[in-house]
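Q: Start counting the sequence shown at 1; every next residue gets the next number (UniProt numbering).
Here it is: the structure, laid out below.
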Amino acid sequence: MEIAQRSLEWGPVTLRRSRELRFNLQNLPREIWISVFEAMEAPSDLLKVIRTCKFFYSLAVRVLYRDLHWMGPFLYTKNVPFWNRHPSSMALVPTSLTVSISLVGDSTFLRYNPKAGVVEEDGTWKAWPQFSVAQRIPPSKSTYKSVSFYASDAMYNAVTTRISTFKVLRELIFHWSDLPDTLFPTLKLLPRLRRLSIQYCTLPAMQLEPDPSFSELPLTELTLWYNRGDPETVFNSNYVYTLYLCTAKNLHTLRIDWTPVTGRFLSCQNPNAPIAPLAALKDVMIRFPTTKIWPSDSAEDSEHDAFVAFLQGSPGIERFACVNRKMGLRLPETVMPKLTSYSGTMAAVSELLGSRPVEHVELTDRDKRVSDVLFALQRIAGMKPRLQTLCFAVHTWDDEILYALASLFVDLRKIQVKFSAGFVPEQTLLSLGSVFLNKFPLLGTLLIFRTAPYLQPPAMTDQYSEYGTDRISRPAAAQDASPVPVPVDDDEEVKSSLNAWRKPCPLLRQVQLTDGFIWRRAFSGDEWCKRALPPANKIAELY
């Protein structure tokens, strides 16, 4: 009886004290909470936090909506109510937007397509040719996946109007889209847009002359990959019109497909599209045709070659990447005198290293034999023995690679070796510090890991679907592809090896021995921590 009375006496007191000790979330500065929300890698995790209380919602919703992805008409229509019920100030939140929405056009219905649907802004859609029957979304999953949905004119006008309200947008990506002609006026309404990417898109039909005012756009980074447009001979070619985006006066980074039209435009050799040389460029990535036999004529060996003329007009290039170039580059010594970084094939590397201050080299050849790689390393070391970065791939792992690196290079800060067959022996890992790493006192990053077998990149077919989702022919799985074996997850053993490397390699900060995970430390006395590498959340720009 006494115990029962004592519990009744202390019960209310305990309850009152717990209320007094309850932590007030608003006592912490908002900046701290926002930093916590920004540290969350998965948007789904942040969404769960937002739903816990109104205070978290008021802060974290802005972090969640900084990076938008409208990867289809219905993802946009589901997002419309959010913008309608929130104040206009929310339009100042998004800084990055990825769009994959195709505009319906006349050509879509010139060829009968029973799997085509036209989506309106309210989320309804009409199947062709039964335009009188409207259906409410979402349909069944099987129907949704089998139908190619397009945005109506009214819906895409609403999309571009919504984009134009994002005044602090810094990055805009269009991917796998049939674009409207309202795209280019919309770009002029984004005063802080720095990065623009248009990939695998069908360009809009244009009835306008090329727009020289594109030179006033605030773009600093532009990517134009695999886009379909009119040939150069067509009056008011939309392809040439789009190329005028390259004339933005502050453009420092350019990634573009090299075609005859592109070559004449960028080399200032197109009399119908005169432009000034792109002298502000510092970072250039050129993707050549995959099936081109190089060189195809004698003009490409002369000083009048459009490629050489383009590079001569951009003397400030510091980083150059060359994709799909099967043969060497025949460049005068005066081209790219400030080049410090090269990414490309082994065939072209020797032509660029001679008199240029190159410090970083990435060889993009895949499935090369060890003997080919060793021969290339010897050639590179003969011209640039004091490289700071060296990245390459080999088909099958061989310890001879480490012996070659240790004997040829002494100033490496970063080493990356990928391989698709074999494995690094345990004994090699145990002796890595005493035998190899002591030869690289300045090494800060070491990446040696096995990846999945290499597959050929996607290619544009000659007869691909003009509209819809099948315009890219993607390769089937490699016949000899085998799953990458999952290594034994013995973190303590790996950590012990890393600690043993402290003395021979005191500046080492990052080590990757398996695909998908990396070990990091902040300073010399810090503990090694294993971190999962986040998956790419942007559209791949280079396959």
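Built from N, CA and C at the ideal position, the CB exists for glycine as well.
These figures come from a predicted structure and were not determined experimentally.
Can we say the segment 400-408 touches the segment 425-441, given the rule of at least three CB pairs closer than 8 Å?
A: yes
Q: Quick check on GLN427: does DSSP put it in helix, strand or coil?
A: helix
Q: Please list, in chain order, all residues of the same chain as PHE517 whose beta carbon is under 8 Å from its beta carbon, the five residues on each side excluded.
A: LYS530, ARG531, ALA532, LEU533
Q: Using 8 Å as the threshold, is the C-beta distance between VAL361 and VAL370 below it?
A: no
Q: May I have the straight-line CA-CA distance separating VAL80 from ARG162, to the nearest angstrom?
A: 9 Å
Q: At which residue ranges does the segment 314-379 contain complete beta strand (DSSP E) runs of 3 or more residues, listed in the order of the chain?
A: Uninterrupted beta strand (DSSP E) stretches at least 3 residues long and entirely within the segment 314-379 occur at 319-323, 341-344, 360-363, given in chain order.
Q: Give the DSSP-derived three-state secondary structure of CYS505 in the structure shown.
A: Here CYS505 sits in coil by DSSP.
Q: By alpha-carbon positions, which one of VAL159, ALA91, VAL323, SER197 ends up nearest to TRP70?
A: VAL159
Q: One question on the structure: do TYR342 and PHE307 come within less than 8 Å of each other, judged by their Cβ atoms?
A: no
Q: Can you give the Cα-Cα distance for VAL93 and VAL63, rounded to whole angstroms?
A: Rounded to whole angstroms, VAL93 and VAL63 show a C-alpha spacing of 8 Å.
Q: What distance in whole Å lies between the Cβ atoms of THR98 and HIS175, which are believed to be in contact at a cut-off of 8 Å?
A: 7 Å
Q: On the CB-based measure, 16 or more other CB atoms within 10 Å of its CB, does SER237 come out buried or exposed?
A: buried
Q: Out of ALA127, VAL335, PHE523, SER102, which has the shortest C-alpha to C-alpha gap to ASP178?
A: SER102
Q: Taking all protein chains shown into account, do 16 or more other C-beta atoms lie within 10 angstroms of the C-beta of LYS368, making it buried, or fewer, making it exposed?
A: Buried is the label assigned to LYS368, since at least 16 other Cβ atoms lie within 10 Å of its Cβ.
Q: Grab the span of the beta strand (DSSP E) containing LEU68 for me, first residue to last.
A: 67-70
Q: Which ranges would you report for the alpha helix (DSSP H) in the segment 210-298 if only whole runs of at least 4 residues count?
A: 238-243, 260-266
Q: In chain order, which continuous runs of the alpha helix (DSSP H) of length 4 or greater are located wholly inside the segment 378-423?
A: Listed in chain order, they are 400-408.
Q: Once DSSP output is grouped into helix, strand and coil, what is the label at SER58?
A: helix
Q: Mapping the DSSP letters down to three states, classify TRP83 as helix, strand or coil.
A: Three-state result, TRP83: helix.
Q: Whose CA, out of THR451, ASP283, TRP528, lies closest to the CA of MET336?
A: ASP283
Q: If PHE449 sits next to LYS418, beta carbons under 8 Å apart, how far is it from one beta carbon to the other, in whole angstroms?
A: Between LYS418 and PHE449 the Cβ distance is about 7 Å, and since that is below 8 Å, they are a contact.
Q: Tell me where the alpha helix (DSSP H) around GLN312 begins and ends.
A: Taken as a continuous stretch (DSSP letters only), the alpha helix (DSSP H) holding GLN312 covers 306-312.
Q: Beta-carbon separation of THR220 and SER197 under 8 Å?
A: no
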